[in-house]
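Following: one structure in structure tokens, then a few remarks.
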Amino acid sequence: MSTSGTANGAALGNGASTEADSRLGAELLAVVARLNRLATQRIQLPLPVAQARLLATIEAHGEARICDLAAMDHCSQPTMTTQVRRLEDAGLVSRTVDPRDARAVRIRITPAGVRALNRVRADRASAIEPQLARLEPADRRVLTEAVAVLRRLLDDASSPPQPTATR
517 MSTSGTANGA ALGNGASTEA DSRLGAELLA VVARLNRLAT QRIQLPLPVA
567 QARLLATIEA HGEARICDLA AMDHCSQPTM TTQVRRLEDA GLVSRTVDPR
617 DARAVRIRIT PAGVRALNRV RADRASAIEP QLARLEPADR RVLTEAVAVL
667 RRLLDDASSP PQPTATR
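The working numbering puts the first residue of the sequence shown at 517, with every later residue one more than the last.
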């Protein structure tokens, strides 16, 4: 699967957005959402979905202030404070003083939080293993390549834009 080829008649990798790209994006998001629901419905999570999502966010950022976590999760700061407090009470996150602002705290995942998050991820992965086991080898290769492409897209999306050279 090459990012320089075509999909649905649309050139990929050139930065241009097309109607085909919009449809592909909508389909991709719908499939991922359905896959997430399937994985979540088939297992008993060791912690609520919102808490697992918050732990994953904290892990991805290393540590973050509550106001930043609230902004990332599109919720109010009091709502985020409550969620963080629940995780803290369970020993899954810890608070440290923000070195740049002694009035603020930074939240970081604890080793117990990492273990809990890894359990959630493993349990969710096991929920879709039966579907993956039914794949033909060619489909498994395509899916493996698609995951690699999605990882690159996400890596690109999280990298700051590079300035274009001017002459």
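Using N, Cα and C, we set each Cβ at its ideal position, and we do this for glycine too.
Item                                                                                                                                                                                 : Value
Please say whether L561 and I644 have beta carbons closer to each other than 9 angstroms?                                                                                            : no
Which partner residues of A580 appear in the DSSP bridge assignment?                                                                                                                 : I623
Classify G607: buried if its beta carbon has 16 or more other beta carbons within 10 angstroms, exposed otherwise.                                                                   : exposed
Per DSSP, what kind of secondary structure is G525 in: helix, strand or coil?                                                                                                        : Residue confidence is low: G525 scores 40 on pLDDT, short of 50, so the model does not pin down where it sits. Its coordinate-derived value is still stated next. Three-state result, G525: coil.
Just how far apart, CA to CA, sit R539 and R619?                                                                                                                                     : 46 angstroms
Taking just the CA atoms, how far does I559 sit from A641?                                                                                                                           : 10 angstroms
Leaving aside the five residues before and after Q593 along the sequence, list all residues of the same chain whose C-beta is less than 8 angstroms from its C-beta, in chain order. : I582, C583 and A586
For the candidate residues A580, L545 and A664, whose alpha-carbon lies nearest to that of V609?                                                                                     : A580
Between the alpha carbons of T556 and R656, how many angstroms are there, rounded?                                                                                                   : 22 angstroms
Drop a sphere of 10 angstroms on the beta-carbon of R668, count the other beta-carbons inside from all chains shown, and report buried for 16 or more, exposed for fewer.            : exposed
My output table needs one value for A618: the three-state DSSP class, helix, strand or coil.                                                                                         : strand
For T595, which of helix, strand or coil comes out of DSSP?                                                                                                                          : helix
Going by DSSP, which residues form a beta bridge with V658?                                                                                                                          : In the DSSP output, where bridge partners are listed per residue, V658 has none listed.
Just to confirm before moving on: does the CB-CB distance between L571 and V621 stay below 9 angstroms?                                                                              : no
My output table needs one value for D611: the three-state DSSP class, helix, strand or coil.                                                                                         : A small fix is needed here, since residue 611 is Arg in this sequence, not Asp. Note: R611 maps to strand in three-state DSSP.
Verify whether the separation of the beta carbon atoms of D536 and A632 is less than 9 angstroms.                                                                                    : Per the sequence presented here, residue 536 reads as Ala, with Asp not at that position. Result no, Cβ atoms of A536 and A632 do not sit closer than 9 angstroms.
Please classify Q647: is it buried, with 16 or more other beta-carbons within 10 angstroms of its beta-carbon, or exposed?                                                           : exposed
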